[in-house]
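Here the numbering used here is used: the first residue of the sequence shown is 1218, the next is one more, and so on. No residue lacks a Cβ here, since even glycine has one placed at the ideal position from N, Cα and C. Note sheet for the following structure.
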Amino acid sequence: NNVPHEDSSNCHGMSSTSIMTYTSGPDGRPQVYQASRSTRSVPGGIKETQETVFDSRTGTKKMAIGHHIGERGHVIEKQKNLNNGDEEEHHEFINLEE
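The structure is reproduced here in C-alpha coordinates:
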(Lines of atoms letter the chains of each structure in order from A and count residues from 1; the text may use other names and numbers.)
(Lines give C-alpha, C1' and ligand atoms only; values in the text may rest on other atoms or scores of the structure.)
Protein backbone atom coordinates (compact mmCIF):
# COMPACT_ATOMS: atom_id res chain seq x y z
CA ASN A 1 0.00 0.00 0.00
CA ASN A 2 2.50 2.61 -1.12
CA VAL A 3 0.19 5.41 -2.12
CA PRO A 4 2.02 8.73 -2.27
CA HIS A 5 0.79 11.29 0.25
CA GLU A 6 -0.62 14.35 -1.48
CA ASP A 7 -0.03 17.66 0.24
CA SER A 8 -3.43 19.36 0.22
CA SER A 9 -1.74 22.77 0.27
CA ASN A 10 -0.70 22.21 -3.37
CA CYS A 11 -4.12 21.18 -4.69
CA HIS A 12 -6.93 23.08 -6.39
CA GLY A 13 -10.33 21.83 -5.44
CA MET A 14 -14.04 22.49 -5.31
CA SER A 15 -16.75 20.52 -3.57
CA SER A 16 -20.42 21.34 -3.31
CA THR A 17 -23.46 19.74 -1.69
CA SER A 18 -27.06 20.89 -1.73
CA ILE A 19 -30.44 19.61 -0.63
CA MET A 20 -34.01 20.83 -1.02
CA THR A 21 -37.20 19.44 0.46
CA TYR A 22 -40.71 20.57 -0.30
CA THR A 23 -43.71 19.44 1.74
CA SER A 24 -47.22 20.62 2.50
CA GLY A 25 -47.71 22.02 5.98
CA PRO A 26 -50.69 21.27 8.24
CA ASP A 27 -52.47 24.30 6.80
CA GLY A 28 -51.80 23.17 3.22
CA ARG A 29 -49.17 25.87 2.61
CA PRO A 30 -45.85 24.71 1.16
CA GLN A 31 -42.87 24.24 3.46
CA VAL A 32 -39.45 24.53 1.86
CA TYR A 33 -36.06 23.62 3.29
CA GLN A 34 -32.91 24.36 1.28
CA ALA A 35 -29.30 23.94 2.36
CA SER A 36 -26.04 24.13 0.47
CA ARG A 37 -22.37 23.95 1.33
CA SER A 38 -19.36 24.53 -0.87
CA THR A 39 -15.62 24.62 -0.38
CA ARG A 40 -13.03 25.99 -2.76
CA SER A 41 -9.32 25.58 -2.20
CA VAL A 42 -6.16 26.70 -3.97
CA PRO A 43 -2.45 26.07 -3.40
CA GLY A 44 -0.94 27.52 -0.25
CA GLY A 45 -3.60 26.14 2.09
CA ILE A 46 -6.09 28.86 1.12
CA LYS A 47 -9.72 27.82 1.37
CA GLU A 48 -13.13 29.51 1.16
CA THR A 49 -16.24 27.89 2.61
CA GLN A 50 -19.87 28.93 2.04
CA GLU A 51 -23.01 27.61 3.70
CA THR A 52 -26.62 28.68 3.23
CA VAL A 53 -29.83 27.45 4.85
CA PHE A 54 -33.41 28.54 4.21
CA ASP A 55 -36.26 27.08 6.24
CA SER A 56 -39.74 28.43 5.52
CA ARG A 57 -41.19 26.42 8.42
CA THR A 58 -39.14 28.33 11.01
CA GLY A 59 -38.82 31.48 8.89
CA THR A 60 -35.02 31.46 9.08
CA LYS A 61 -32.37 32.23 6.53
CA LYS A 62 -28.67 31.68 7.38
CA MET A 63 -25.49 32.32 5.48
CA ALA A 64 -21.89 31.70 6.51
CA ILE A 65 -18.70 32.51 4.62
CA GLY A 66 -15.29 31.42 5.85
CA HIS A 67 -11.82 32.33 4.70
CA HIS A 68 -9.00 30.06 5.82
CA ILE A 69 -5.23 30.04 5.42
CA GLY A 70 -3.68 26.90 6.82
CA GLU A 71 -4.88 26.45 10.40
CA ARG A 72 -6.19 30.03 10.68
CA GLY A 73 -9.59 31.24 9.59
CA HIS A 74 -12.38 33.78 9.92
CA VAL A 75 -16.03 32.77 9.53
CA ILE A 76 -18.87 35.29 9.31
CA GLU A 77 -22.37 33.93 9.93
CA LYS A 78 -25.51 35.97 9.34
CA GLN A 79 -28.99 34.87 10.29
CA LYS A 80 -32.30 36.55 9.53
CA ASN A 81 -35.72 35.79 10.96
CA LEU A 82 -38.04 36.34 8.01
CA ASN A 83 -41.10 36.50 10.29
CA ASN A 84 -40.02 39.54 12.32
CA GLY A 85 -36.98 40.88 10.42
CA ASP A 86 -34.50 40.32 13.28
CA GLU A 87 -30.92 39.90 12.09
CA GLU A 88 -27.86 38.50 13.86
CA GLU A 89 -24.22 38.41 12.85
CA HIS A 90 -21.51 36.28 14.46
CA HIS A 91 -17.76 36.16 13.80
CA GLU A 92 -15.66 33.11 14.54
CA PHE A 93 -11.89 33.53 14.62
CA ILE A 94 -9.94 30.29 14.33
CA ASN A 95 -6.39 30.56 15.70
CA LEU A 96 -6.58 34.35 15.24
CA GLU A 97 -6.84 37.29 17.62
CA GLU A 98 -9.96 39.42 17.18
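### Task
Helix, strand or coil for residue 1247, going by three-state DSSP, please let me know.
Here residue 1247 refers to the residue found at position 30 of the sequence shown. Residue 1247 falls in the strand class under three-state DSSP.
### Query
Is there at least one non-hydrogen atom of the ligand ATP closer than 8 Å to the beta-carbon of residue 1258?
This structure lacks the ligand ATP, and indeed carries no ligand of any kind.
### Query
Would you report the Cα separation of residue 1272 and residue 1242, rounded to the nearest angstrom?
The residue you call residue 1272 lines up with position 55 of the sequence shown. The residue you call residue 1242 lines up with position 25 of the sequence shown. Approximately 13 Å, taken between the alpha carbons.
### Contact check, residue 1235 vs residue 1253, beta carbons under 9 Å
Taking the first residue of the sequence shown as 1, we reach residue 1235 at position 18. Taking the first residue of the sequence shown as 1, we reach residue 1253 at position 36. Contact flag set, yes.
### Distance between residue 1233 and residue 1285 (C-alpha atoms, nearest Å)
Locating residue 1285 in the sequence shown gives position 68, where the first residue counts as 1. Locating residue 1233 in the sequence shown gives position 16, where the first residue counts as 1. Taking the straight line from one Cα to the other gives about 17 Å.
### Query
Going by DSSP, what residues sit across from residue 1269 in a beta bridge?
As a working note, residue 1269 is residue 52 in the sequence shown. Paired residues: 1253 and 1280.
### Query
Alpha carbon to alpha carbon, how far is residue 1237 from residue 1314?
The residue you call residue 1237 lines up with position 20 of the sequence shown. The residue you call residue 1314 lines up with position 97 of the sequence shown. Between residue 1237 and residue 1314, the C-alpha separation is close to 37 Å.
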